[in-house]
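Number of protein chains: 2
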Amino acid sequence: MSGDAGSYDVTHYERPSVTVDVVLFALRDQELQVLLVRRSGWPYQGYWAIPGGFVHMEESLDEAALRELEEEAGVSDVYLEQLYTFGGPDRDPRTRVITVAYMAVVSADQISLRAGSDAAEARWWSMSALPGRLAFDHAEILSYALTRLRYKLEYTAVGFQLLPEEFTLPELQTAYEIILGEKLDKANFRKKLARGNVVESTGRYRETGGRPAELYRYREDAVAEVKARRLFP
Amino acid sequence: MSGDAGSYDVTHYERPSVTVDVVLFALRDQELQVLLVRRSGWPYQGYWAIPGGFVHMEESLDEAALRELEEEAGVSDVYLEQLYTFGGPDRDPRTRVITVAYMAVVSADQISLRAGSDAAEARWWSMSALPGRLAFDHAEILSYALTRLRYKLEYTAVGFQLLPEEFTLPELQTAYEIILGEKLDKANFRKKLARGNVVESTGRYRETGGRPAELYRYREDAVAEVKARRLFP
DNA sequence: TAAATAGTGTCTCTTAGACAATATTAT
DNA sequence: ATAATATTGTCTAAGAGACACTATTTA
Chain A
17 MSGDAGSYDV THYERPSVTV DVVLFALRDQ ELQVLLVRRS GWPYQGYWAI
67 PGGFVHMEES LDEAALRELE EEAGVSDVYL EQLYTFGGPD RDPRTRVITV
117 AYMAVVSADQ ISLRAGSDAA EARWWSMSAL PGRLAFDHAE ILSYALTRLR
167 YKLEYTAVGF QLLPEEFTLP ELQTAYEIIL GEKLDKANFR KKLARGNVVE
217 STGRYRETGG RPAELYRYRE DAVAEVKARR LFP
Chain B
17 MSGDAGSYDV THYERPSVTV DVVLFALRDQ ELQVLLVRRS GWPYQGYWAI
67 PGGFVHMEES LDEAALRELE EEAGVSDVYL EQLYTFGGPD RDPRTRVITV
117 AYMAVVSADQ ISLRAGSDAA EARWWSMSAL PGRLAFDHAE ILSYALTRLR
167 YKLEYTAVGF QLLPEEFTLP ELQTAYEIIL GEKLDKANFR KKLARGNVVE
217 STGRYRETGG RPAELYRYRE DAVAEVKARR LFP
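Sequence lines, in order, name chains A and B.
Okay, so the first sequence: first residue is 17 according to our numbering, each after it adds one.
Okay, so the second sequence: first residue is 17 according to our numbering, each after it adds one.
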């Protein structure tokens with residue numbers, strides 16, 4: 017017992033397995049997409065699942081999640097956040113498996129398409145056209161992740177992670193609209209950004225067919241605040 | 017691998033231990049207090065710790081947390097919420113221990129003072145006068161729990177859990193002030209409550225020395241929304 | 001000039017916060 | 001009446017949302 021009287025020999029108890037599962041989001045083809053892998057063996061053979069794997073004995077949970085991202089999706093340097101731990105006794109028919117769910121967010125240009133050294137089949141799915149049934153309780157995890165992403169979008173800078181380093185404000189707004197699933201008002205969107213003081217102009221412009229759009233980057237110290245509460249006050 | 021190709025025999029891997037640790041908050045003596053237990057053995061012998069224990073193989077994480085609460089504090093029927101999972105490889109010198117941290121909130125009248133059938137010494141500590149050093153990474157967990165409690169207070173009905181079933185609005189306001197550590201404006205506090213539509217009058221009054229205060233209870237369907245976002249819109 | 005896209009101004013309504021006023025009890 | 005406490009009203013400033021306007025480019 018971690019916080020208990022402590023007269024136990026911790027090696028005596030039967031132990032569950034612990035995994036991390038990582039919901040990886042990206043904006044692709046003007047959609048919010050998620051990376052899933054196809055299971056080749058029992059249970060849920062042929063079903064699509066959130067990528068994940070065992071936590072090794074010498075690594076932290078965050079390290080395990082980053083390692084899985086690297087192995088299965090070939091991505092590094094991502095925004096990563098622990099979501100929730102799912103541990104129902106029957107969620108995996110093989111044995112007791114407790115999984116720590118993570119959410120990761122990348123921009124499309126960070127994705128290296130070698131889909132992972134594991135031979136497992138992996139592909140991106142649009143959040144609006146997912147497979148009918150996912151393996152294990154992964155539909156629940158995915159739903160939880162989407163809720164969290166939308167929520168975070170409102171008061172942190174996580175949205176910037178979905179775009180390349182430089183972006184125009186219309187691009188950023190479109191990204192927000194895709195994730196939130198609703199249209200936003202240009203003027204109000206910009207007012208909010210200005211108040212939060214999270215982006216700065218690069219001085220360059222992108223040609224668009226009409227009036228060129230100014231290119232922005234997010235401010236360095238705003239990045240540090242990504243995890244802080246109420247970035248937009 | 018929970019979501020992986022699945023050709024692994026999950027019994028082959030060395031497994032960490034999994035515990036739940038439960039931060040139990042209550043309002044006592046006009047203070048926010050937390051229940052801690054004193055460790056009797058190595059490691060951190062004599063140090064105070066957040067109550068917790070192993071997750072059994074046949075119970076869910078929530079069930080494990082509720083069982084610990086019952087065993088170590090004699091409380092049941094509490095507000096319980098999973099916080100975060102701490103899993104650094106060296107957080108326990110005995111072996112790899114991953115702990116799922118929970119927060120629980122009770123009203124003082126729910127506490128049965130038989131402090132737990134475990135012989136371990138347990139007592140309440142004021143959050144403003146904690147022991148200098150806690151066992152393991154429990155100071156971090158406690159700090160995380162306090163942050164979450166304050167945050168939740170602003171947009172859910174978790175505050176009601178700290179009071180008996182019937183309460184006056186000045187009592188409720190005082191509870192909020194104690195937890196947030198700041199004075200609130202009477203009128204604005206009541207406006208917020210009214211907008212949220214979370215309390216209803218019982219028609220009875222409590223004598224106070226001045227004008228009697230009306231007794232309220234929280235509305236049943238508001239209880240169901242405790243976990244929903246933005247109870248106060 | 002027209003079309004397309006980017007960017008700004010402004011009005012209204014809601015809300016948060018500060019503060020003042022009124023109400024009801026006991027002594 | 002006075003003290004103590006509860007409860008309500010109001011003013012102001014800030015913010016959210018809706019909508020219209022202006023600006024700069026290409027064809």
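Quick reminder that beta carbons are idealized off the backbone N, C-alpha and C, glycines included.
- Annotation: Ser142/B is outside any alpha helix (DSSP H); the continuous beta strand (DSSP E) that includes it extends over 138–142.
- Where Thr101/A is concerned, the enclosing beta strand (DSSP E) starts and stops at 95–102.
- Any Cβ of chain B closer than 8 Å to the Cβ of Arg149/A would place that residue at the interface, and such an atom is absent.
- For a Cβ distance threshold of 9 Å, nothing in chain B lies close to Ile127/A: the least Cβ distance comes to about 19 Å.
- By the CB criterion at 8 Å, Val121/B and Val91/B fall outside the cutoff.
- Close to Glu30/B, with beta-carbon spacing below 7 Å, are these residues of chain A in chain order: Met73.
- For a cut-off of 8 Å, the C-beta gap from Ala229/A to Thr184/A is around 4 Å, short enough to register as a contact.
- Note on geometry: alpha-carbon atoms of Leu52/A and Glu88/A lie some 10 Å from one another.
- Look at Gly103/B: its C-beta is under 8 Å from a C-beta on chain A.
- In this structure, Ser217/A sits away from Gly104/B, with a CB-CB distance that is not shorter than 8 Å.
- Residue pairing for Arg227/A: DSSP places it in no beta bridge.
- Val34/B places its beta carbon 8 Å or farther from that of Pro109/A.
- Contact annotation for Ile194/A against chain B: no contact, minimum CB-CB distance about 21 Å [criterion: below 7 Å].
- For the alpha helix (DSSP H) assignment, the uninterrupted runs of no fewer than 4 residues enclosed by the region 26–111 of chain B are, from N- to C-terminal side, 77–89.
- Contacts between Tyr100/A and chain B, judged by CB atoms closer than 7 Å, involve Gln98 in chain order.
- For Arg112/B, the residues of chain A that pass the 7 Å Cβ criterion are Met73, in the order they occur in the chain.
- DSSP, reduced to helix, strand and coil, places Ala161/A within a helical segment of the structure shown.
- One Cα belongs to Leu99/A, the other to Ala81/A, and the distance between them is close to 12 Å.
- As DSSP reads the structure, Ile114/A sits in a beta bridge with Val34/A.
- Interface with chain B (8 Å Cβ-Cβ cutoff): Phe205/A is excluded.
- Contact of Ser159/B with chain A by beta-carbon distance below 9 Å is absent, the smallest such distance being about 14 Å.
- Under the Cβ distance rule, Val116/A counts among the residues neighbouring chain B, one pair being separated by less than 8 Å.
- Note that the C-beta distance between Gly175/B and Tyr192/B is below 8 Å.
- Residue-level contact check: Leu82/A does not touch chain B, since none of the beta carbons of chain B fall below 8 Å from its beta carbon.
- For Val116/A and Phe102/A, the gap between their C-alpha atoms comes out near 6 Å.
- Under DSSP, Val121/A forms a beta bridge with Phe41/A, Tyr95/A.
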